[in-house]
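Colleague:
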Amino acid sequence: MKSKDESQVYQIKITLSGSEPSIWRRFLIEPNENLYKLHQFIQVIMGWTNSHMHQYRQNKNYYGKPDKESEADFGFKTLDERKFKIFQVLDKPKAKIIYEYDMGDSWDHIVVVEKILPKEENKDYPICLDGALSCPPEDCGGIPGYYDLLEIIKNPDHEEYEDMMEWLGDKFNPEEFSLEKINKNLKKLR
Numbered sequence: 003m004k005s006k007d008e009s010q011v012y013q014i015k016i017t018l019s020g021s022e023p024s025i026w027r028r029f030l031i032e033p034n035e036n037l038y039k040l041h042q043f044i045q046v047i048m049g050w051t052n053s054h055m056h057q058y059r060q061n062k063n064y065y066g067k068p069d070k071e072s073e074a075d076f077g078f079k080t081l082d083e084r085k086f087k088i089f090q091v092l093d094k095p096k097a098k099i100i101y102e103y104d105m106g107d108s109w110d111h112i113v114v115v116e117k118i119l120p121k122e123e124n125k126d127y128p129i130c131l132d133g134a135l136s137c138p139p140e141d142c143g144g145i146p147g148y149y150d151l152l153e154i155i156k157n158p159d160h161e162e163y164e165d166m167m168e169w170l171g172d173k174f175n176p177e178e179f180s181l182e183k184i185n186k187n188l189k190k191l192r
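Residues in the sequence shown are numbered from 3 upward in steps of one, following my numbering.
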């Protein structure tokens, strides 16, 4: 298998599709990582808990964990994400792929190569550079459910307010974005 120039890194922007204002992250990653490893990094970078299935979609190709039963049910073959490197599916600036997390809530993320940069000496990758807003809580019903949830928690008089606040706990803040926390958690995966 041909390998990408190891002196380069990709600057990637990932945006949660349908979020307005956009929930996004920008990060640097080595293009020789496989798509499964990218999945693990995306989970940390976005703030998900890796509690659900995922897949990538690009044109007519699906990448993920191959499953013969699903292939028979849905009529398409899933290519093994562990056998494909990032550079093989995202080969130039502006190349993109869709990363779907949680097939029930269907959180689609648009993953785009913004730039190909020289790798810096003595720097560990991946590293998150920037972003905006908190990742939605798991199992809240996808984008429509998330925006319903935000409306409910803005209004203490709403009939579901107390239930939703109890379900969320005290820790959820939709405006929060902690670059330091993300990079600390990425360090644990390297």
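We put the beta carbon where it would ideally sit given N, CA and C, even for glycine.
#1: Should N61 be flagged as near chain C, meaning a C-beta pair shorter than 8 Å?
#2: I think Q13 touches L30, with their Cβ atoms under 8 Å apart; what is that distance to the nearest whole Å?
#3: Residues in its own chain within less than 8 Å of C137 by CB, not counting five upstream and five downstream?
#4: Three-state secondary structure (DSSP) at N63?
#5: If you scan the region 23-54 from start to end, which runs of the beta strand (DSSP E) of 3 or more residues do you find wholly inside it?
#6: Compute the Euclidean distance between the alpha carbons of K70 and Q90, then round it to the nearest angstrom.
#7: Is the region 148-155 touching the region 115-123 in the sense that three or more CB pairs, one from each, lie closer than 8 Å?
#8: Apart from the five residues just before and just after S53, which ones in its own chain have a Cβ nearer than 7 Å to its Cβ?
#9: Within the region 94-132, note down every full beta strand (DSSP E) run reaching 3 residues or more, in order along the chain.
#10: Identify whether D82 lies in helix, strand or coil by the three-state DSSP scheme.
#11: Can P120 and Q10 be called in contact, C-beta distance under 8 Å?
#12: Could you give the first and the last residue of the continuous alpha helix (DSSP H) run that contains L191?
#13: Do the region 96-114 and the region 57-67 meet, that is, are 3 or more Cβ pairs less than 8 Å apart?
#14: Suppose the cutoff is 7 Å on Cβ atoms and the five residues either side in sequence are ignored; what does the same chain contact list for Y127 look like?
#15: Apart from the five residues just before and just after N185, which ones in its own chain have a Cβ nearer than 7 Å to its Cβ?
#16: Which residue wins for smallest C-alpha separation from D7, given the options E35, K15 and E22?
Modeller: In this structure, then:
#1: The question asks about chain C, but that chain is absent: this structure has only one protein chain.
#2: So it is a contact: roughly 6 Å between Cβ atoms.
#3: Result list for C137: L18, I25, M48, G49 and W50, in chain order.
#4: Here N63 sits in strand by DSSP.
#5: 26-31
#6: 24 Å
#7: By the Cβ test, the region 115-123 is not in contact with the region 148-155, since fewer than three Cβ pairs between them sit closer than 8 Å.
#8: Same-chain partners within the cutoff: E140.
#9: Counting only runs of 3 or more, we get 98-103 and 109-120.
#10: strand
#11: yes
#12: L181 to L191
#13: yes
#14: V11, L30, I31 and E32
#15: I129 and C130
#16: E35
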